[in-house]
Structures are given as C-alpha cells and as structure tokens.
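Asks: If you scroll down you'll find the structure; I have some questions about it.
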Ligand SMILES: Nc1ncnc2c1ncn2[C@@H]1O[C@H](COP(=O)(O)OP(=O)(O)OP(=O)(O)O)[C@@H](O)[C@H]1O
C-alpha cells in the first residue's frame, strides 16, 4: 500500500485564524530561544578561542621575555615625610653607613601598598650619593623574590635630598635577628637552614644574570627577613656587573693554576646616566677579545705587577705563610682591639705562661735528677730498659713543641699585621666583624672615606671586613672582583649562621677565647681535627647535625684562598639542596693522617 504522505500544513489549508494563532502562540518563544542559544554558543565559542589565543601568546611572551618589573614610582619628598611622621625616631628601623631607614605608611593610592621602608641619604655625602645611585640602578632592575625590591625613590636635586623606598621587611636584618638574638625563631635549625638556602638562591640569581651581577657586600646586616623569615638580599650600593669573563683550568694533580682564558668584554649594562634615575641598558652584541695567559697562583695575587700591600695582611690571615714576629697575646690585643680587655689578656696569658714554664722546669729537673742518680752500670742497663721511657718523653716534647708552633704560626698567619703597620682604620674595619654599629658610627664620621678597608677613599674598595674576600679587599684592580668574592662572603655568612657567632667573637669560656676568636680559623682547626660538630651553635633546637656539618663543609669550600678553588654559587646551592653530592673538605683541611713520628714505625717493626 502506497504510504500516504501527510499533508503538509500549508497556510492555505489552515483557516486564517488558526494560522495566525499558531504563529503568535509558538514562534516568539521558539525564535527567541533559538536566537538566544545560538548567540550564547557563538559568544562562548569566540570567548574560548580568544582566551586560548591569549593564553598561548602569553606563554610565548613569558618564555621569551622575563616579566617586566613595574616602573619605579617617584615620590615627592613631602609624601615620604608625611608617611614617616617627619622621619620621627619612633619610626626609625635602622642606620646604615650613609643614611637612616624609616618605617613609612604610604597613602593607599600609592604603589607598593601602605607600609614601606624609606632610606634617606644623609645629605652632603658624595660617597653616599654614589651608593644610592648604584643601589637605585641595580635594585630598580633586579626582580627576584630573593632580592628586596625597591618600590620607588624621591629626589630633590637642588637640596641634594635622596630617598629610596623599599618593600617592608618586618623581621629586620639577619645581624640583629641572629647575633643580637632579636628573633628567637632563629634558634630553630630549619629556619636557619632556610635562610642559608634563600641567600644562596639570591646570590645564584644575581650571578646567573647576563652579565652577572656581583653584590660585593654580602653580610648578615644586608640580609633582610620578611614576616615569614624568608631571607632577601639588600643593599646594592657596592654591586657591580662583571666586565670580564675569566675561565681558569686547575690541574687536579698539582693543584696549580694551569691557564687562564680572559675574555675582556664590555659590560652589557650601560650606565647611560649617573643621575638617580639612571637607565640600565643591555648591549646586544658585546665586543669580545680573547687573550690566553698562563699564571701561577703567585701571579694571581700580584697581577699586573701590582704588589697588593693592603692585602698582605689578609693573605697572611688566610694562611699564606706570612711571617713576622708577635706573640699570641700581642696579636689578640691588636686584632680584637678595644673589645678585649687588655689587662685580662696580659694577666691570663702571663699567668698561663708562668705556670706552664714552672711545670716544665720541675719536670725537666726531676728527669735530670733521675738520670744523674744512676751510676754507670745502672745507666747501661737502665738505659736500655728505659730507652722507651726517654723516647716517650722526647716524643711528648716534640708533640708539644709542634703544637705550640702551629698554634703560634696560625695566630701569626691570622694576624692582620704583625708589624706596626696596622692602622687605626684597619682596626676599625676589623671591628665591623665584632659589631656593625661601631664601624657604622666611625664610618659616619668619615663618610667620604672608603666604604670598606678604611684605607683609601677609592670607590673600588669594597666589602666589609671579615666578609670581604682576600682578592677583593683593596682591589684597585677590578679584574680581581668576580663572583667568587660573593662566594667567599657567603662562606663567612654560612659559618655565622651555623655557629651563631660573629666572624670575630671574644665571647665564651675564657680558656677558649683565643681558639675561637676567629671563626674561620676555628672552623679550619676543627676540620683538621675532624671535630666540625663543635662549631654548631649550642642553642639550636631541632638540629639536623648532618645538615649543619654539610653547611660547614660548604662554607670551608667557599673560604678557600684561591678564588678558582671556590665553588660557583650554583654548585653551593646544589650542595645545600642535595641536587649535588655533598662536598669534600678542601685537601689541606682534611683531618690529618696518623702521626709520621719515626719511633712509631720502629716500634711497630720491633713488635
Ligand atoms: N626594607 C627594609 N625593611 C626593614 N628594615 C630595613 C629595610 N631596609 C633596611 N632596613 C633596616 O635598616 C638598617 C640599615 O640599612 P642600610 O641598608 O641603610 O644599612 P646597612 O646595610 O645595615 O649598612 P651599610 O649600608 O653601612 O652596609 C638595616 O640593617 C635594617 O635593619
């Protein structure tokens, strides 16, 4: 049967009234729904597409160019004055070498939130101005969670008033928190270790930039802690970009420096303008010339034929074998300066030397008496019998003498200057290792003298006593300043973190003051004796001994005299985080092997 097609309802078939009714009853909702739906779909499709596009383009941007730091805001001086309640003492956070830092409450509309730290340069300081500009130049460009960010600045050229506005670091600097015991939280080992890693990360970031940035003044007072005790690096007043690429090959066998490839490059950073709003440009193609030279470590010290007089004392300190006389007590009094009560040193050392001399005299005369008491026959028989005893005695003597010599030579070698050439300024400089305030106060009085060393007003003098690397101290030759200077300073900072002591510290039991006064020497001594654990701060809670010893080993690697022997900051970070195998102690610091005293072998043979 043929199927019957249903008659399509044609408007003609429908009564006009019905047709009208249907269209008016069904069409509007249907049409509007359809239109709405299609509109919705097309719109959402478009949105998805554009979103995908935006996301992919953002990914391209982020992979090719680093996120741009928002431009620094220029504040009027009056805004900062209002924010700090006219730089009131109650708002003072600290005092630096060239200015004071105040807590400031900025109006909500300003960039950088409401609470900031405002560093105001003391007026009239040329060196201060230079540092401020340098700081602005670097900090304004650096963008890392491990670097204290600069929010803005204020300048009044006429009155030479400069101010820098930073993000607020609620827990202040590491020097106060750790060494002045202002933050009990830092007795927790985990926190301290995290600070160590944070700082390593920050420095590694700086060194990883192109061209690498050298901080040049790494020390606890330049490490600031935020509310959660995350550490950030501050104070770029002495920072610089490395202008020279030095690759050094070290012959593993002889530990000699074999060759040095020097690529003299123009700095990629261009200091277009030395005003506080200097522009930092990056050159696209720096011209490079390469020269190959052979140097010995000796040459490295006296590069370009320059005798580093200012550095001599430091080389001695680093165990460079500086001679010179000077007794231990002279050395300590000179070295520790006013921190040590001279009378005490004189009294105790004199008393100690007197009593030990008396004891020795007594012992010797007893032995002599005993020897003389023997008649010839007895002597012959007893000689044989007692040979061992005599040998033991000599052996004892030998050991004592050796110990005394090493102790003295170590102190002499650690000496700032065993001669009279020690200047009051270099004492000042040492004092910074004891207490930053003393140095700051002194430096404030002679603002335009050098930032460091206190020996010359050359701005290339960089770093702070005890933290500055030997090759950077008094480095008029900029070739000597490399990332390894920061590595050295980091080594000192790491020891300070683990031990909770200053690099120069005269606290502790009287009998151990001399031994422990120089943190670096003490660490080396403990390493040789295989007793590194003794350096760890006794006040630490929840200590991970293994991690603490690892830190000391890393520090000793960083503190090596020769910059080429020091690890890179990347390696330091790798060792600390476990990404790299833990370090060995530098060869010369490995615990000494069994004594090579000849009697021992003979005795063994006899047995
Ligand atoms: N962003 C900040 N947040 C909180 N406190 C700060 C901030 N910046 C600096 N301070 C405090 O102010 C002190 C002085 O800082 P400043 O950078 O001027 O000097 P410094 O680094 O201690 O010394 P110098 O400049 O002589 O090396 C710091 O030690 C710190 O306690």
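Numbering (full-length UniProt numbering), first residue to last: 1 to 607. We put the beta carbon where it would ideally sit given N, CA and C, even for glycine.
Whose CA, out of 225, 145 and 151, lies closest to the CA of residue 206?
Replies: 145
Asks: Using the three-state DSSP reduction, which class does residue 483 fall into: helix, strand or coil?
Replies: helix
Asks: Contact check, residue 138 vs residue 75 under 8 Å by CB: the rounded distance?
Replies: In fact, because the Cβ distance is near 19 Å, the residues do not count as touching under 8 Å.
Asks: Taking only three categories from DSSP, how would you classify residue 201?
Replies: DSSP places residue 201 in the helix class (H, G or I) of the three-state scheme.
Asks: Locate the alpha helix (DSSP H) running through residue 564, then write down its first and last residues.
Replies: No alpha helix (DSSP H) contains residue 564, which DSSP labels as neither H nor E.
Asks: Go through the segment 71–134 residue by residue and report every complete run of the beta strand (DSSP E) that reaches 3 residues or more, in order.
Replies: For the segment 71–134, whole beta strand (DSSP E) runs of length 3 or above, ordered along the chain, are 92–95, 99–105 and 115–121.
Asks: If you drop the 5 nearest sequence neighbours on each side, which residues of the same chain put their C-beta closer than 6 Å to that of residue 173?
Replies: 221 and 224
Asks: Below 8 Å, can you find three or more Cβ-Cβ pairs linking the segment 528–543 to the segment 186–195?
Replies: yes
Asks: Beta strand (DSSP E) containing residue 158: first to last residue?
Replies: Secondary structure note for residue 158: it is in no beta strand (DSSP E), with a DSSP letter that is neither H nor E.
Asks: Sorry if obvious, but does the Cβ on residue 143 come closer than 7 Å to a heavy atom of ligand 1?
Replies: no
Asks: Sorted by chain position, which residues of the same chain lie with C-beta nearer than 7 Å to residue 436's C-beta, five sequence neighbours on each side aside?
Replies: Note that residue 436 has pLDDT 35, beneath the 50 cutoff, so the model's placement of it is unreliable and the number below is only indicative. The answer, listed in chain order, is 175 and 221.
Asks: Would you kindly work out how many angstroms separate the C-alpha atoms of residue 211 and residue 482, rounded to a whole number?
Replies: 12 Å
Asks: Classify residue 222 as helix, strand or coil using the three-state DSSP reduction.
Replies: helix
Asks: Should residue 642 be counted as a contact of ligand 1 given a C-beta to heavy atom distance under 7 Å?
Replies: Since the first residue of the chain shown is 1 and the last is 607, residue 642 is not available in this structure.
Asks: Which of helix, strand or coil does DSSP assign to residue 279?
Replies: Note that residue 279 scores 27 on pLDDT, short of 50, meaning its location in the model is unreliable and no value can be drawn from it.
Asks: Output the boundary residues of the alpha helix (DSSP H) element that contains residue 548.
Replies: 545–558
Asks: What do you get for residue 97, buried or exposed, if any count of 16 or more other CB atoms within 10 angstroms of its CB means buried?
Replies: buried
Asks: Heavy atom of ligand 1 less than 7 Å from the Cβ of residue 120, yes or no?
Replies: no
Asks: What I want to know is whether the C-beta of residue 167 ends up closer than 7 Å to one or more non-hydrogen atoms of ligand 1.
Replies: yes
Asks: Using the beta-carbon count (16 or more within 10 Å), is residue 392 buried or exposed?
Replies: exposed
Asks: Between the alpha carbons of residue 471 and residue 563, how many angstroms are there, rounded?
Replies: 8 Å
Asks: Determine the closest residue to residue 557 out of 585, 533 and 542, with distance taken between C-alpha atoms.
Replies: 585
Asks: Looking at C-alpha atoms only, which residue of 86, 233, 487 and 555 is the closest neighbour of residue 519?
Replies: When only C-alpha atoms are compared, the closest one is 555.
Asks: Quick one, which of 239, 140 and 90 has its alpha-carbon nearest residue 167's?
Replies: 140
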